[in-house]
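Which chain is which? The protein sequence lines are W and V, in order.
Yeah, the first sequence ends on 303 if you go by our numbering, and it's all consecutive.
Yeah, the second sequence ends on 303 if you go by our numbering, and it's all consecutive.
Built from N, CA and C at the ideal position, the CB exists for glycine as well.
Quick caveat, the model's predicted, so the values are computed rather than measured.
Okay, structure first, notes after.
2 protein chains.
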Amino acid sequence: MHQDLGSAPRPNTRMRILAACRELFNERSPADVTTAQIAAAVGINEGNLYYHFNRKEQILEALFGEFERGLREVAAADLTQSDDPARYSGYLSGWFSLMWEWRFFYRDSALIFRLAPSLRPKVQALSDHGQEQIRRVLGNRRKAGLLRATDEEIDQLIVNAWIVSTYWIDYLRSRHGVADITREQLNWGASQIVSLFRPYLTAAGLEMFDIKPDPDTLAQPD
Amino acid sequence: MHQDLGSAPRPNTRMRILAACRELFNERSPADVTTAQIAAAVGINEGNLYYHFNRKEQILEALFGEFERGLREVAAADLTQSDDPARYSGYLSGWFSLMWEWRFFYRDSALIFRLAPSLRPKVQALSDHGQEQIRRVLGNRRKAGLLRATDEEIDQLIVNAWIVSTYWIDYLRSRHGVADITREQLNWGASQIVSLFRPYLTAAGLEMFDIKPDPDTLAQPD
DNA sequence: GTCTATAATGAGATAGAC
DNA sequence: GTCTATCTCATTATAGAC
């Protein structure tokens with residue numbers, strides 16, 4: 082009521098801190114960004130920074146909250162099944178885009194757990210949720226005759242897909258020295274995931290991913 | 082000549098430092114182990130520690146040298162092909178055992194690169210070497226009719242296998258909160274790798290891994 | 001080679017005025 | 001809410017005696 086809606090509402094300091102931190106942390110690891118640098122980036126004083134977050138850890142917790150909301154959205158997106166093939170090939174890249182926006186969580190998880198141990202159980206819970214969603218999606222696709230795999234194979238697929246996607250950004254850096262990831266490299270990651278599922282896709286499933294079926298190695302529908 | 086071979090030759094301080102560090106670093110990350118703690122573990126003074134390694138970074142470099150030798154041995158082991166099936170099922174666990182011995186390198190790579198940036202190119206070179214070896218092994222198995230895969234599929238397999246194996250230990254910790262890894266969990270990792278190759282194995286190849294062939298999804302020999 | 005000092009650093013964090 | 005000034009504190013690292 083007190084706020085003048087006519088004037089450009091300058092985002093409050095708390096939000097500006099979080100936005101600046103996401104950028105800084107994506108550039109270099111949270112452990113390499115000092116509170117002094119954060120304050121400088123936001124254009125405020127270090128003392129002021131500590132008024133809003135009196136532990137560096139709290140900044141990471143707040144950022145994780147934002148990340149978590151985004152992740153749950155993406156995870157849920159695929160559940161609203163439609164027959165639109167574009168959905169099937171597109172949602173993987175949605176997943177990877179989110180990973181890109183919050184790449185420091187993937188890239189620097191070890192450092193982050195050190196700075197904010199409280200995130201450890203949260204990440205675990207989020208992983209549980211994510212893998213559950215993937216399991217449901219795969220279950221649905223199996224029922225729809227797009228996928229042919231035993232329960233055990235699905236278990237293994239989920240774990241492998243999870244690992245490859247989660248560590249993809251770190252892999253690019255440690256193996257290929259990639260500092261600034263391109264869209265192309267994200268697509269490469271997505272194609273690695275597709276390659277995991279490919280041997281288990283039926284003809285109909287392959288079509289969904291726009292893959293030319295190979296009659297010799299095609300998974301047979303039940 | 083001066084050394085009395087009759088008395089138990091106490092290992093020199095440098096070696097004791099390295100041995101102690103490997104243990105300490107495996108327990109908790111190198112970033113969490115201070116030079117004071119290292120000295121205490123070895124039973125020497127901190128000043129003495131700095132006589133042997135005047136940067137903490139140098140300790141990590143020396144340890145990496147040891148690790149590298151071990152890795153190259155394991156990588157080469159599978160090249161000496163034999164028809165002994167035990168070799169095929171056993172060498173993966175040899176690989177994972179080495180990863181276990183030097184698990185801090187896998188678990189804390191981000192922290193380690195921070196402490197010892199000089200290791201970054203070395204790790205990259207080692208990865209190159211490792212993936213080359215895997216490529217040769219897979220090529221040989223394809224020629225031997227154990228594996229059926231296109232060149233592109235082999236490329237993707239190598240990358241996926243590399244990522245899953247490299248990050249397996251970190252995955253166990255971040256996803257399942259595993260601090261002390263059991264032999265069983267290492268075997269689980271190895272079985273995840275096997276599951277990557279399984280769809281591409283021929284009947285003969287499956288036998289090598291002691292896997293019961295499933296006639297429906299069997300890869301056909303060329 | 002090994003020790004006892006002690007310096008040098010640089011981060012996170014706080015008190016209290018405005 | 002924002003600032004200035006200051007504190008605390010853990011670490012790495014060095015100088016020099018033994």
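Taking CB atoms only, residue 201 (chain V) has a neighbour in chain W less than 9 angstroms away. In the DSSP assignment, residue 247 (chain V) falls within the alpha helix (DSSP H) that extends over 232–257. Sixteen is the threshold: when 16 or more other Cβ atoms of the shown chains lie within 10 Å of the Cβ of residue 241 (chain V), as they do, the residue is buried. In the three-state DSSP reduction, residue 173 (chain V) falls in the helix class (H, G or I). Looking at the DSSP output, residue 228 (chain W) sits in a beta bridge with W:282. Each residue's CA atom was taken as its position, placing residue 285 (chain V) and residue 276 (chain W) some 23 angstroms apart. Proximity of the region 177–193 of chain W to the region 238–256 of chain W meets the contact definition, three or more beta-carbon pairs being nearer than 8 angstroms. Here the alpha carbon of residue 272 (chain V) sits roughly 43 angstroms from the alpha carbon of residue 135 (chain V).
Flagged as an interface residue toward chain V: residue 244 (chain W), by a C-beta distance shorter than 9 angstroms. When the alpha-carbon of residue 268 (chain V) is set against those of V:129, V:102, V:173, the nearest one is in V:173.
Residues of the region 179–210 of chain V with a C-beta atom less than 9 angstroms from some C-beta of chain W are 188, 189, 190, 191, 192, 194, 195, 201, 202, 204, 205, 208, 209, listed in chain order. Of all residues in the region 262–286 of chain W, only 273, 276, 277, 280 come within less than 7 angstroms of chain V when Cβ atoms are compared, listed by chain position. Apart from sequence neighbours up to five positions away, the residues of its chain that approach residue 95 (chain W) with a beta-carbon distance below 6 angstroms are 133, ordered along the chain.
Of the residues assessed, residue 280 (chain W) falls on the buried side of the cut-off, its CB having 16 or more other CB atoms within 10 angstroms.
The CB of residue 255 (chain W) comes closer than 9 angstroms to the CB of 190, 191, 194, 201, 204, 205, 208, 247 in chain V, given here in chain order. Remark: C-beta atoms of residue 110 (chain V) and residue 192 (chain V) approach each other more closely than 9 angstroms.
Assigned with DSSP and collapsed to three states, residue 211 (chain V) falls in helix. DSSP places residue 116 (chain W) in the helix class (H, G or I) of the three-state scheme.
The beta carbon of residue 184 (chain V) is closer than 6 angstroms to those of 107, 250 in its chain, skipping five residues each way along the sequence. Taking 8 angstroms as the Cβ-Cβ cut-off, the region 111–140 of chain V approaches chain W at 112, 113, given in chain order.
Residues of chain W whose Cβ lies closer than 9 angstroms to the Cβ of residue 259 (chain V) do not exist; the shortest such Cβ separation is about 11 angstroms.
Below the 8 angstroms Cβ cutoff, chain V contributes 272, 273, 276 as neighbours of residue 237 (chain W), in chain order.
Rounded to the nearest angstrom, the gap between the Cα atoms of residue 262 (chain W) and residue 125 (chain V) is 46 angstroms. When secondary structure is reduced to three states using DSSP, residue 129 (chain W) falls in the helix class. For residue 172 (chain V), none of the residues of chain W pass the 7 angstroms Cβ criterion, the least Cβ distance being about 20 angstroms. In chain order, 229, 230, 235 place their CB closer than 8 angstroms to the CB of residue 223 (chain W), counting only its own chain and leaving out the 5 sequence neighbours on each side. The continuous alpha helix (DSSP H) containing residue 146 (chain V) extends over residues 137–158. Taking the C-beta atoms as reference points, residue 266 (chain W) is found no nearer than 9 angstroms to residue 243 (chain W).
For residue 107 (chain V), none of the residues of chain W pass the 9 angstroms Cβ criterion, the least Cβ distance being about 14 angstroms. In this structure, residue 130 (chain W) places its C-beta atom within 9 angstroms of the C-beta atom of residue 116 (chain W).
In the assembly as shown, residue 270 (chain W) is a buried residue. Its beta-carbon has 16 or more other beta-carbons within 10 Å.
Per the coordinates, the alpha-carbon of residue 143 (chain W) lies some 48 angstroms from the alpha-carbon of residue 292 (chain V).
For residue 94 (chain V), the enclosing alpha helix (DSSP H) has its first and last residue at 94–108. In the structure shown, the three-state DSSP call for residue 183 (chain W) is coil. The Cβ neighbour count for residue 139 (chain W), taken over all protein chains shown within 10 Å, is under 16; the residue is labelled exposed. Distance between residue 198 (chain V) and residue 209 (chain V), taken at the CA atoms: about 18 angstroms.
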